[in-house]
């Protein structure tokens, strides 16, 4: 990795570390510590999603026009202000406004960082770069959540203020680090900069990108959108999973990602991307079958708990396979100079799925146990079907970047004789 890529990865880890401090405890902080009630706490979580949906369409245009680094720095300052304000807020209005600032800044960071990775990588190194990003993000979230859990005390509002202050400091530290990044000259768009309407029209006219967005929506809806809503409610209500076992399941998900990320990378790099995504759909179908056994089977409590933890671990394996596959594919589908627009569009699809997923899965997981498992089992199989269709829209090199390297070698003729060691 070059110096710019190393700083980008450090920044990604620090931002995830800061978010890990506060995200798991946001509901408790608003509802109980600030005594604003469950309704306000629910609105705060909704504001995060709404803020992201509002700013992401404009973020893509700003990244294309100004470059990813200035947009990232603005997002970090906004997020730092939102985090610090949230830690000091005591009324419902200030809490919601602070959450909107934090949510907007956090949402814009994702496509900005992704575009910086695209600009600092090549087609051959991009999958590994995004795998490293995903690995460090999960590691940062896990460590941040672990440390934050030992610092907070629901009886002391000051302990939560400290958490949000640490999160703000992480974002400001990231501003300093990112300010030292020297980005390579990004390719310019031929002619004048595209208008927002033109770039969106061009994106919607790209059939492969549209199909990838459909696949992405189903991926995030059927997996990420269920982690802390429908699936956890199903585990508690149907399978009788204890809160400690639920925490173990979440830890198993993170552990699987950390352990498997680079083990599966070589396997993924040599396979067609559409087939990798299709295989993830099958793996997640098995995960939903394990969840079905945990809640609907008639095994012992120990077997149910083991099956439920296995569900989260299998989801983690699928996530490790997707990280070096989907994000690089978005970059490869983007025309010259429009990587920021395409990354923002995909991030927008992700936020829509994460907003709709809990709203649909939460009530189903809590009360409609069998329909819940059947529905998301079918969604997982649908991922495989959609991935096969997506593969037909991709060029051979887009679907399997390793072909480009092999073709260059083949066209170059016989390999040169090795040089003597002293040379």
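Residue numbers (the numbering used here): 72 to 494.
For glycine and all other residues, C-beta sits at the position ideal for the given N, C-alpha and C.
Quick check on DSSP: helix, strand or coil for residue 386? helix
Can you give the beta carbon distance from residue 345 to residue 459, rounded, assuming they're within the 8 Å contact cut? 7 Å
Since residue 442 is in the alpha helix (DSSP H), which residue starts that stretch and which ends it? 440-464
Buried versus exposed call for residue 387 [16 or more other C-beta atoms within 10 Å across all chains shown]: buried
Entirely enclosed alpha helix (DSSP H) segments - the stretch 165-219, minimum 4 residues: none
Take the Cβ of residue 195 as the centre, count every other Cβ of all protein chains shown within 10 Å, and call the residue buried at 16 or more, exposed below. Residue 195 is classed as exposed because its beta carbon has fewer than 16 other beta carbons within 10 Å across all chains shown.
Residue 223 in three-state terms, based on DSSP: Under the three-state reduction of DSSP, residue 223 is assigned to coil, being neither helix nor strand.
Assess contact between the stretch 321-332 and the stretch 440-449, defined as three or more Cβ pairs (one per stretch) separated by less than 8 Å. Is contact present? no
Can at least three beta-carbon pairs, one atom from the stretch 233-245 and one from the stretch 113-121, be found at a separation below 8 Å? no
Using only CA atoms, which one of 251, 274 and 121 lies nearest to residue 414? 274
Local Cβ density within 10 Å of residue 440, reported as buried at 16 or more and exposed below that: buried
Beta-carbon spacing of residue 283, residue 404 below 9 Å: Against a cut-off of 9 Å, the Cβ pair of residue 404 and residue 283 comes out as a contact.
Ends of the alpha helix (DSSP H) at residue 403? 397-404
Drop a sphere of 10 angstroms on the beta-carbon of residue 74, count the other beta-carbons inside from all chains shown, and report buried for 16 or more, exposed for fewer. exposed
Sub-9 Å separation of residue 418 and residue 123 beta-carbons: Result yes, Cβ atoms of residue 418 and residue 123 sit closer than 9 Å.
Within 10 Å of its beta-carbon, does residue 90 have 16 or more other beta-carbons around it, so buried, or fewer, so exposed? buried
Distance, residue 243 Cα to residue 79 Cα: Computed Cα separation, rounded: 14 Å.
Here's a check: name, in chain order, each residue in its chain whose Cβ is nearer than 6 Å to the Cβ of residue 391, leaving out the five neighbours to either side. 328, 331, 332 and 335
Nearest-angstrom Cβ-Cβ length linking residue 166 and residue 101, presumed shorter than 8 Å: 6 Å
Can you tell which of 221, 214 and 246 has its C-alpha closest to the C-alpha of residue 142? 246
Locate the alpha helix (DSSP H) running through residue 152, then write down its first and last residues. Bounds of the alpha helix (DSSP H) holding residue 152 are 139-159.
How about the stretch 194-212 and the stretch 130-144: do they share at least three Cβ pairs that are nearer than 8 Å? no
For residue 347, name the three-state secondary structure that DSSP assigns. helix
Residue 381 beta carbon less than 9 Å from that of residue 323: yes
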